[in-house]
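Asker:
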Amino acid sequence: MTTYVHAFEEGSKEQKYLLGGKGANLAEMTNLGLPVPPGFTITTDACKAYMAAGDRLPGGLMDEVAARRAELEEKMGKRLGDADDPLLVSVRSGAAFSMPGMMDTVLNLGLNDVSVGGLARQTGNERFAFDSYRRFVQMFGKVVLDVDGDLFEDALHAKREERGVATDPELGADDLRELVEAFKAIVKAEAGIEFPQDPDEQLRHAIEAVFKSWNGDRARLYRDHEGIPHDLGTAVNVQSMVFGNKGDDSGTGVAFTRDPATGENVRYGDFLSNAQGEDVVAGIRVTEPLSAMGQHFPESHRGLLEVMDLLERHYRDMCDIEFTIEQGKLFILQTRVGKRTAAAALRMATEMVDEGLIDRREAVLRIQPAQLDQLLHPQFDPAASYDALAKGLNASPGAAVGQVYFTADDAEAHHEAGEKVILVRPETSPDDLHGMIAAEGILTSRGGLVSHAAVVARGMGTPAICGAEAVRIDMESRSFRVGDTVVAEGDVISINGTTGEVVLGAVPVVVPEPTGPFGTLLEWADELRRLGVRTNADLPADARKARDFGAEGIGLCRTEHMFLGDRLPIVQRMILAETPDEEEAALAELHDRQRQDFVEIFEAMDGLPVTIRLLDPPLHEFLPDIEELLVAKALGRLDAQGEKLLAAAQVWREANPMFGTRGCRLAIVRPGLYQMQAKAIIEAAIDRRRAGGDPRVEIMIPLAVTRAELGYLVDEVHRVAEETFAEAGDRFEYLVGTMVETPRAALVAGEIAEVAQFFSFGTNDLTQMTYGFSRDDVEGRFMPRYLELGLLAANPFETLDTEGVGQLVRMGVEHGRATRPDLKLGICGEHGGDPASVEFCHRAGLDYVSCSPFRVPLARLAAAHAALGESGPAASA
Ligand code: PEP
Ligand code: MG
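Following our numbering, the numbering of the sequence shown begins with 125 at its first residue and continues without gaps.
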C-alpha cells in the first residue's frame, strides 16, 4: 500500500518530487537538528491520485493523516481543538518547484469556538486568540470555501470605522470577538454552511483546497510561463504553528545567506517585530534590516546567524530562510535554495568556487542560459541626463520605458494592443500575474525586496521597483502623484530596476557590456563545451559585438541585407537591364560595394571563419509591391521607370515565392550574380591579406536540393576564384559549402556532400518545409491556439522539433559525414540560440551553432550544459 503521509523526520532534501521543495527541506532541517516546528507532509503522489480520481481524496489518506496527527499531538503535548491548550497547525502547499504565492495556505487551523478560549487562557492574551481565530475564519472562508475575500476586508474596514481607528492592531479583543461572529455569518451566507468546528473536517477541507489550488488559474499560468510540468502535483505540509505576533518578545522575518540582488557575500534579510510571516511578504508594514534584529533579540539573532551558516555549508548554496521568534525562542519555518537575480547568481557561483564550496563544473551548471538574458537587459544610457521623479527599492534589474496602467487587466489589454506597458500597483498579488507578464516593468508603492512583486519580477527577469513610497496611487482617478507631479494612465515613464529610479518620460536605454563574473563563468563554460559558437551577422558592428560576446566566427552572413538601402536602385537597374552591358554595369557597381562590405566583415572577424551566404531571396523582394504599382498605374501616376518596374514585377511574380526562383535557383538563371559575389569575396580577402589580415573564407550556396545544381555552382565559384587568384598573384585556402534547408537536401545529403565542403542547417526553412507551415504567417495565426491546446509542445520555429526536423538533421549529419568524414557541420537557423536546441545540436554531433550576437553567451553556456549531460528545466528548489 502507498504511504501518502510522512513525518518530517522521515524525509530528506533529495525527495523534492515526492515531498515538494518545502517538505523536503523541512525534513532535511529537522534531521539536521534545527529548531523546526514539528509536522508532516502529504506527498505529491496523493495530489496526483486526487486529480486522477476526478478530485477525490484517495482512500485511506485521511486515516493516515489521523495517525500522523495523533503522533504530532503526542509530540507537542497538545491537541487540535482542545478546550484548554489547543494545538494549531498551518496547512501549506509545496511543489517540487517553487511557485511563490501561486497556491493556497491556511494558518491557525484547529481553532474553533471552544479552543479559542483555551488559546486565550494559555497565552494570557485574549486579543491574540481572537485575532488568530478571525484570521483563520477569513483565510479558510476565502481559500477553502471560495468566499469573496473582499467581504471580510469590508467587515474589517467597517469595524475600524466604527471604532474610529486606522489600523488593525488598534482593535481590541472584543472587537475581534465580534468580527469572528461577523466572519462566520459571512461564511454561512456565502458558502451555505456553518463554519466547521471539527478539526478533522477543517483539516480535510484544507488539504483538498491545497490540492485544488494546484490547478487554479494563476498556478497554471505561472507554470506555463516558467515551463514547469502540470502533472507534478503539490505536496501539503501540516506543521505546528508558532507565532511571531505574541507581543514584543516575538517577531518574524526572511533571511538570505547572501544578498539575492547583488550576490555579495553578506547576510541579508527583512525583519518585523510582533508580526506574522504574511505581514513581511505582503509588504504592508515597513520591515527592518536583519542587522537591527540583533538589538531586540541578541540571542535569537546569534542563533539565526549560526543556522544561516550551517544551511549554506550544508546546501553549498545561498539559502532563503523563513524564521519566527515566539516569545524569545527562535524557530526555522522554511528554507530553500534562494531565488536570485542573474547578476547575483553569477557572482555567487564564481565566488563559491573561489571559496572552495563548489567546483567550476557545478558553478557552470548553476546558471541557466536564459538567465544570462537578464544581464544583457537594457539599462538607462549613462550619457542620458534626467531627473528622478521618485526612488524606490531596486527590486529587479534592468530598465524599462512604457505607458502607465494601474490594473493587471488594463496592462494586459494595452500590451496586446501593442503598447509598452509599466504596471503600477500599490503592491501585487498572485492575481496580478497576467499583468506582470504583459508589462515591460513593474512599479509598486509598497512592499520590500521579498514582496510578491519583487520575487516574481526577478524570476521573470522583468525590471521592477518596489516600495516607492513617494508614489501616491489614486485608483479612482487612475493616476499617481509624486509631490505636485501627477502621472495619469497612459503617460510614459521610465523605471530603472537596477537603481530604483522612476523618471517621467522616456529615458534612452542601452544594453550593457557584461564583465567580471559573467566573463569568468563563460570562460569556464568554454573549457567544458565541445560545440563551437558562431554568430549570424551581416554588419561589421554586429560582428564586433558578437566577437566581444565570445563568437568564434560568423556562421551566417546574409548578403541580401547588403542589397537594400542606397544599393536598391543599383539592384533594380540590374533587374531591369535590357542588354548584357547594362546588367554588367549594374553588377560592377554592386561588386565594388560588396567588396568593401566583405573587407570590413573579414576585418571584424580577423582570424576566425566567416561563412558568407550568396544571395538567397527571390528578386521580386527588391522590387516595389506589385499591387501598389498597379494602383499607381490605374491613377495614371506611373512614370516610365515605374512602368518598367511594373513589367519586371509582373515577370518575377510567383504564386509561392518561397518555393520559387530564389537562392541557387536564381543563380542558375542569372549567373552574373553569384560570379559577382564570389569575385567580391575573394578580392576582399586578398585586400585583407595585403593589409596583414587573416581572413578565413567560407562561401555558402543556399537552398541546394540536388548534387548537380550545387556541383554546377561550386564549379563556377572555383572558376571565378582561380581567375581572381591569377589576376592578384595571391591565393589562399577557402571552403565552398551549402545550406541544408530543404527536406530533400537532408535526404540526399550523402550525394550533396560530394560537392560541398560544409553544411549549415538552415532550420528556419527546414522547419517551414518539413511542417508545411509558412514561417512568415503561422505564428500570428493558429500557432498560439495550438500551443494553448497543447497540440504542439513548443513553437517549432523557436525550439527545434527534434522528433521531425531533428530526424532530417541527423540524417544530413550521418549521410554527409559518410561521404566526407571531414565535412564541417553547423546550424544557422534561429534555433542556434535556443538552449534546448543547442543541446540537440550537441547530441547530433554538429561542430558549431550560429546565433544572433546577443544570444552568443547563452549558446556558450547551453553548449557547456549539453556537454555536461545536463538538460531540461532548471532544478532550483
Ligand atoms: C534558415 O532558413 O534557417 C536560414 C538561416 O536562412 P534564412 O532565415 O535567411 O532563410
Ligand atoms: Mg533559409
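All C-beta atoms, glycine included, are put in the ideal place defined by N, C-alpha and C.
So is the beta-carbon of Pro781 under 7 Å away from any non-hydrogen atom of the ligand MG?
Answerer: Incorrect: Pro781 has no Cβ contact closer than 7 Å to the ligand MG.
Asker: Rounded to whole angstroms, what is the Cα-Cα separation between Pro981 and Gly526?
Answerer: 28 Å
Asker: Let me know the secondary structure DSSP gives Lys515 once reduced to three states.
Answerer: strand
Asker: Which first and last residues belong to the beta strand (DSSP E) in which Met824 is found?
Answerer: Arg820 to Ile825
Asker: Name, in chain order, the residues that DSSP records as bridge partners for Ala379.
Answerer: Gly393 and Ile445
Asker: Could you pull out every residue in the same chain whose Cβ sits closer than 8 Å to the Cβ of Phe380, ignoring the five residues on either side in sequence?
Answerer: Arg391, Tyr392, Gly393, Met442, Cys443, Asp444, Ile445 and Gly462
Asker: Given that a residue counts as buried once 16 or more other Cβ atoms are within 10 Å of its Cβ, and exposed if not, what is Ser256?
Answerer: So Ser256 counts as buried.
Asker: What number of angstroms, rounded off, separates the C-alpha of Arg251 from the C-alpha of His329?
Answerer: 27 Å
Asker: Please identify the residue among Leu196, Val844, Ala701 and Arg934 whose C-alpha is closest to the C-alpha of Val872.
Answerer: Arg934
Asker: So Ala468 and Pro384 are supposed to be a Cβ contact under 8 Å. How far apart are they, rounded?
Answerer: Indeed, because the Cβ distance is near 6 Å, the residues count as touching under 8 Å.
Asker: The ligand MG and Asn888: does any heavy atom of the ligand fall closer than 7 Å to the residue's C-beta?
Answerer: yes
Asker: What does a CB cutoff of less than 8 Å around Ser1000 pick up in its chain, not counting 5 residues either side in sequence?
Answerer: Low confidence applies here, because Ser1000 scores a pLDDT of 35, under 50, leaving its location unreliable; read the following figure in that light. Hits under 8 Å: Phe221, Ser222, Val461 and Lys463.
Asker: For Thr568 and Gly591, which I take to be in contact (beta-carbon distance under 8 Å), what is that distance rounded to the nearest angstrom?
Answerer: 7 Å
Asker: Leaving out five residues on either side along the sequence, give the residues of the same chain with a beta carbon under 8 Å from the beta carbon of Leu692.
Answerer: Phe746
Asker: Give the secondary structure of Ser1000 by DSSP, where H, G and I count as helix, E and B as strand, and everything else as coil.
Answerer: Only weak support exists for where Ser1000 lies, its pLDDT of 35 falling under 50; the coordinates are left without a value.
Asker: DSSP three-state label for Tyr128, please.
Answerer: coil
Asker: Please go through the stretch 313 to 356 and give each complete alpha helix (DSSP H) segment of 4 or more residues, from N-terminal end onward.
Answerer: 323 to 337 and 341 to 350
Asker: Tell me, please, which residues DSSP counts as bridged to Asn361.
Answerer: Answer is Thr165 and Arg216.
Asker: Exposed or buried, which one is Gly996 when buried takes at least 16 other CB atoms within 10 Å?
Answerer: Here the model assigns Gly996 a pLDDT of 43, short of 50, so the residue's position is not dependable, and the following value carries that caveat. Result: exposed.
Asker: Between which two residues does the alpha helix (DSSP H) carrying Pro554 extend?
Answerer: That residue, Pro554, is in no alpha helix (DSSP H); it is neither H nor E in DSSP.
Asker: In whole angstroms, give me the CA-to-CA distance for Asp187 and Leu142.
Answerer: 19 Å
Asker: When the distance is taken between beta carbons, is Pro159 closer than 8 Å to Gly234?
Answerer: no
Asker: Judging by CA-CA distance, which residue of Leu356, Lys336, Asp341 and Leu327 is the nearest neighbour of Gln363?
Answerer: In terms of Cα proximity to Gln363, the closest of Leu356, Lys336, Asp341 and Leu327 is Leu327.
Asker: Using a Cβ-based criterion (distance less than 7 Å to any ligand heavy atom), does Cys952 qualify as near the ligand PEP?
Answerer: yes
Asker: Between the Cα of Val860 and those of Leu949, Trp338 and Pro422, spot the shortest distance and give me the residue it belongs to.
Answerer: Leu949
Asker: When you measure from the CB of Pro826 to every non-hydrogen atom of the ligand MG, does any distance come out below 7 Å?
Answerer: yes
Asker: Taking its Cβ as the centre, do 16 or more other Cβ atoms sit within 10 Å of Ala149, making it buried, or is it exposed?
Answerer: The displayed chain sequence assigns Asn, not Ala, to residue 149. So Asn149 counts as buried.
Asker: How close, in whole Å, do the beta carbons of Glu564 and Ala524 come, if the pair is a contact with beta carbons under 8 Å?
Answerer: 4 Å
Asker: Cβ of Asp740 versus every heavy atom of the ligand MG: is any distance shorter than 7 Å?
Answerer: yes
Asker: So, using beta-carbon positions, are Leu212 and Gly163 closer together than 8 Å?
Answerer: Cβ atoms of Leu212 and Gly163: not closer than 8 Å.
Asker: Out of curiosity, what's the CA-to-CA distance linking Ala988 and Trp648?
Answerer: Taking the straight line from one Cα to the other gives about 9 Å.
Asker: Compute every distance between the C-beta of Glu745 and the non-hydrogen atoms of the ligand MG, then say whether any falls below 7 Å.
Answerer: Flag unset: Cβ of Glu745 not near the ligand MG.
Asker: Count the other CB atoms within 10 Å of the CB of Ile317; is the residue buried (16 or more) or exposed (fewer)?
Answerer: Classification of Ile317: exposed, given that the 10 Å Cβ count is below 16.
Asker: Indicate the three-state DSSP secondary structure (helix, strand or coil) for Gln503 in the structure shown.
Answerer: strand
Asker: Three or more C-beta pairs under 8 Å: does that hold for the stretch 784 to 792 against the stretch 718 to 733?
Answerer: Because the criterion of three Cβ pairs below 8 Å is not met, the stretch 784 to 792 and the stretch 718 to 733 do not touch.
Asker: Can you find the residues in the same chain that come closer than 7 Å, C-beta to C-beta, to Leu628, ignoring five residues on each side of it along the sequence?
Answerer: Leu513, Thr609, Val611 and Ile617
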